Amino acid sequence: AADQLHLFCEQQKLPVVATLRDTQNYVQLAARGLTLFDVAPSRVEKDLEQWQPLVQWLQR
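Written out as structure tokens, the structure reads:
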């Protein structure tokens, strides 16, 4: 599915500025009403790293 989405974005000339891994962190945090940005960075370090390109792109 990810490959198909990437191909579609290429065909539509849509930028892919980030990809996020499939992790239980999102499920567990959402169940508590939290985001990655609400907990200790050391707990979600890999996920925060993946968000950086998107955050930087949004701040442009």
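If you use this note's numbering, the sequence shown corresponds to residues 153 to 212, in order. Note that the Cβ used here is the ideal one computed from N, Cα and C, for glycine as well. Fair warning: this is a prediction, and the values are worked out from it, not measured in the lab.
Between residue 195 and the set 208, 209, 182 and 177, the nearest pair of CA atoms involves 177.
Of the residues 211, 205 and 191, the one whose Cα lies closest to the Cα of residue 170 is 205. Around the beta carbon of residue 181, 16 or more other beta carbons sit within 10 angstroms, so the residue counts as buried. In the three-state reduction of the DSSP assignment, residue 204 falls in the helix class, which pools H, G and I. Annotation for residue 168: no alpha helix (DSSP H) segment contains it, and DSSP assigns it neither H nor E.
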